[in-house]
Amino acid sequence: MRLVLVGPPGSGKGTQAERLVQRFGLTAIGTGAMFRDAIARDTAMGRQVRPMMDQGLLVPDPIVNDVVAELFRSSARPERFVMDGYPRTYSQAVAFDALLHLEYLALDAVVNLAIDDDEVVRRISGRRCCSNPECGVCFHSMARPPKVAGQCDVCGHPLLQRDDDNEETIRRRLGEFHKNTNDLLAHYRKQNLVDDIAATDPPDVIFQNILAALARRAPKSYEPS
Ligand code: AMP
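Using our numbering, the first residue of the sequence shown is number 24, and each one after it goes up by one.
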């Protein structure tokens, strides 16, 4: 199974990706998490993308495309995966299509998690994520409180508010999201890959709706053109 999750920040992409990983043993590929890891390790790429991320701007397509292409061409090449936050623009989707084609892989579905902006702001303001880059699981003060305040349930590391999770930055990220998503979804709708799922429901209901949508789709295999 090969999936792309599309949705604004705070729509629950990370939570649903985590569940899909547990249920189907998929590899979760989160470009945001990859960049945060690069920043934490203070790599050259981390230093390059940090100012953009801090301002809520998208990292330029060539940088993101390269990071993803490198992963797919490495020995850790994922065969069954869920993409969390990539592709985010039409041009990234075109580059990703070409990459998958070269790798003899085909997407099965694009899950579009739909939610309005004010709900996103409310959600993100309460979000706290694990500071361990190997883990990165996110909690929410209301919707998903950790068992011990300020501590990750999974690995015990401290939970932190991400630098880009403040209202001003969230609004800018939402602006970026809307600017890019129409063309992105139109591209995938033409391929009949999109399932629209309401992201305002509780996480369990969203997950069941995703499973039902996936069950209606037969897994696609790569067909050389
Ligand atoms: P996320 O964790 O997916 O919310 O991503 C956090 C930040 O990383 C975004 O606000 C962007 O600055 C950057 N980023 C992550 N994925 C992408 C992408 N596919 N294209 C451009 N920028 C990205």
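Cβ coordinates follow ideal geometry from the N, Cα and C atoms, glycine included.
Using 8 Å as the threshold, is the stretch 53 to 61 in touch with the stretch 126 to 134, meaning 3 or more CB pairs across them? no
For Pro169, the nearest candidate out of Leu182, Gly159, Glu157, Cys158 (CA to CA): Leu182
May I have the straight-line CA-CA distance separating His124 from Phe47, to the nearest angstrom? 23 Å
If we ignore side chains and look at the alpha-carbon of each, how far apart do Asp77 and Ser154 end up? 16 Å
If the criterion is Cβ atoms closer than 8 Å, does the pair Gly79 and Arg195 meet it? yes
Step through the CB atoms of chain B and report whether any lies within less than 8 Å of the CB of Arg70. Included in the structure is just one protein chain, with no chain B present.
Considering only residues of the same chain and omitting the five flanking positions on each side of Ile138, which have a CB-CB separation below 6 Å? Result list for Ile138: Ser34, Ala222, Thr223, in chain order.
For Gly8, count neighbouring C-beta atoms within 10 Å of its own C-beta (all shown protein chains included) and say buried if the count is 16 or more, exposed if not. Nothing can be reported for residue 8, as the shown portion of the chain is limited to 24 through 248.
Anyone know if the C-beta pair for Leu136 and Ile193 falls short of 8 Å? no
Val134 and Val29: beta carbons closer than 8 Å? yes
Is Asp131 helix, strand or coil when you go by DSSP? Coil at Asp131, not helix or strand.
Helix, strand or coil at Ala85 according to DSSP, with G and I counted as helix: As written in the sequence, residue 85 is Pro, which differs from the Ala given in the question. Residue state, collapsed to three classes: helix.
Rounded C-alpha distance that separates Val105 from Pro156: 18 Å
Measuring alpha carbon to alpha carbon, tell me which of Gln115, Ala51, Pro32 ends up nearest Met24. Comparing Cα-Cα distances from Met24 to each of Gln115, Ala51, Pro32, the minimum goes to Ala51.
Which of the three DSSP states is assigned to Val27 in this structure? strand
Note down, in chain order, each residue of its chain lying with its Cβ closer than 7 Å to the Cβ of Asp176, except the 5 sequence neighbours on either side. The residues are Pro169, Lys170.
State the Cα-Cα distance for the pair Asn203 and Asp187, rounded to the nearest angstrom. 19 Å
Tell me whether Thr38 sits in a helix, a strand or coil according to DSSP, three-state version. Looking at Thr38 - three-state DSSP - the assignment turns out to be helix.
The beta strand (DSSP E) that contains Asp206, what's its start and end? From DSSP, Asp206 is part of no beta strand (DSSP E) but of the alpha helix (DSSP H) over 190 to 213.
When you measure from the CB of Ala56 to every non-hydrogen atom of the ligand AMP, does any distance come out below 7 Å? yes
Less than 7 Å between the CB of Met76 and some heavy atom of the ligand AMP, yes or no? Look at Met76: its beta carbon is less than 7 Å from one of the heavy atoms in the ligand AMP.
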